[in-house]
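Each remark here refers to the structure printed beneath this line.
Numbering (my numbering), first residue to last: -5 to 449.
Below is the structure:
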């Protein structure tokens, strides 16, 4: 089976190869985008004035949870896959069991945060009493019951590590469907549930996560016979394994945590400049953009192993063909996103039951921000080649530079002019700087690693 996969990546025509390897991941990413948007859609119907603003305030801490869970997952996933390739099921099992423990510890960390920092975190971003009440309630639930999220990510990573991404997709889709159905029932009080509003959205989210985790565990126990999960071994970790997992996973935690800090910083800037209307617009934008960014991230994840394999096989032309085709597909997706944001901004905002004032401000915001989408497409694909060639440091530098050292300072500076519409240009400026930096790094990689290849 491994020989067939190697031949496929080295010999199959590039276009069908990229599509076959990327499409399942793109679908999974779209499911994640659905997860992100469903709460906001129903909450917008429930309370268009303060509901979406409250979820926007909560979003940075939710992103931070995902950063810790994903980073841990990337770490044990890489060790698990490598150990199976080395015919070492004992080490594979140790990495999986240790991964479970580490994500349970992550849960305990965020349980403590839900008790200790939630109130201060929310009050620091808004002064509107109803938004504060909604956001605090939502965060207490999704952080305090986040064990389902961490276990879901753990078991899905195990399925991916053993080449069963299609089963991982089953877990994700099941959780998303449960969340969608329960959102409607628990927010508005249908079926056996009383009307719970924002709290209902939070409970629907965590129930969906626990269901997805249960499905993921069941699929692992039934299909994954290459290694053994053991409750006893979960609580007997090896220090060396913990270090190895986080040596691989910490860069992912850092890169995703930067996104959390960026969201928090933008909330502060926009909340000060435009109050809860600014928070609502930013929250709506962030949900909507995921429908275009997530497929591009999925495409990127699909071409990374193709690039890495053909670099190892010293097939320079296939590397260049893969990158060109990947950039073309990403550009098509992102240009489509820009056109949708320019042509239908009012319709997109109405999905969230936006008020007339938010709609008027939001139309301008969506059109300005979406200009940077095609630039982002190229930058994301360059990030893929950095990862494929073990130059993840370049990706980290670009991400830090874009979000921490350009976007937030520029947004703050533009906010001083007293016109919230000007602030949105920070996305275009930051993406332009990010792309320029990516091109510099890519030229370095091309000259030092790609061009010297001789087939």
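Ideal Cβ positions, reconstructed from N, Cα and C, are used throughout, including at glycine.
In this text, all values refer to a predicted model and were calculated from it rather than measured experimentally.
query	result
CB contact flag (residue 380, residue 389, <8 Å)	yes
Residue 447 - containing alpha helix (DSSP H), residue span	Counting along the chain, residue 447 falls outside any alpha helix (DSSP H), and DSSP gives it neither H nor E.
Residue 206 to residue 144 span [Cα, whole Å]	11 Å
Whole-Å CB distance - residue 15 paired with residue 300, under 8 Å assumed	6 Å
Cβ neighbour criterion (16 or more within 10 Å) applied to residue 62	buried
Exposure of residue 438, with buried meaning 16 or more beta-carbon neighbours within 10 Å	exposed
Per-residue burial, residue 351 [other beta carbons within 10 Å of its own, 16 or more giving buried]	exposed
Distance, residue 313 Cα to residue 10 Cα	15 Å
CA-to-CA distance, residue 53 to residue 265, given in whole angstroms	14 Å
Cβ neighbours of residue 358 in the same chain (closer than 7 Å, five flanking residues each side left out)	415
Within 8 Å, strictly: CB atoms of residue 48 and residue 132	yes
Beta-carbon proximity of residue 346 to residue 38, cut-off 8 Å	yes
Inter-residue Cα distance where the pair is residue 435 and residue 251	23 Å
Alpha helix (DSSP H) runs wholly inside the segment 314 to 393, at least 4 long, in chain order	339 to 344, 350 to 363 and 367 to 382
Residue closest to residue 19, alpha-carbon to alpha-carbon, out of 136, 130 and 292	292
Nearest candidate by alpha-carbon position, reference residue 225, set 235, 217, 211 and 56	211
C-alpha gap between residue 87 and residue 216, whole angstroms	15 Å
Reduced DSSP category for residue 245 - H, G, I as helix; E, B as strand; rest coil	helix
Residue 41: first and last residue of the uninterrupted alpha helix (DSSP H) it sits in	Counting along the chain, residue 41 falls outside any alpha helix (DSSP H), and DSSP gives it neither H nor E.
Cβ-based neighbour list, residue 150, same chain, cut-off 6 Å, excluding 5 preceding and 5 following	162, 165 and 210
Inter-residue Cα distance where the pair is residue 431 and residue 375	13 Å
Whole-angstrom distance between residue 277 and residue 356, CA atom to CA atom	11 Å
Nonlocal neighbours in the same chain, by C-beta distance under 7 Å from residue 254, ignoring five residues either side	54, 57, 58 and 61
Helix, strand or coil at residue 130 [DSSP, three-state]	helix
Nearest neighbour of residue 171, chosen from 202, 154 and 155 [CA to CA]	202
Length of the line joining the Cα atoms of residue 69 and residue 139	24 Å
Beta-carbon proximity check, residue 129 vs residue 51, cutoff 8 Å	yes
For residue 263 and residue 417, believed in contact at Cβ under 8 Å, the rounded distance	7 Å
Selection from 409, 239, 268 and 258 that minimises the alpha carbon distance to residue 148	239
Counted within 10 angstroms of its Cβ, other Cβ atoms place residue 425 as buried (16 or more) or exposed	buried
Straight-line Cα distance separating residue 385 from residue 392	12 Å
Ranges of the alpha helix (DSSP H) found wholly within the segment 3 to 39, counting only runs of at least 4	none
Residue 413 - DSSP class collapsed to helix/strand/coil	coil
Where residue 344 falls, given that 16 or more other Cβ within 10 Å makes a residue buried	exposed
Own chain, CB closer than 8 Å to residue 220, minus 5 neighbours either side, in chain order	78, 83, 86 and 156
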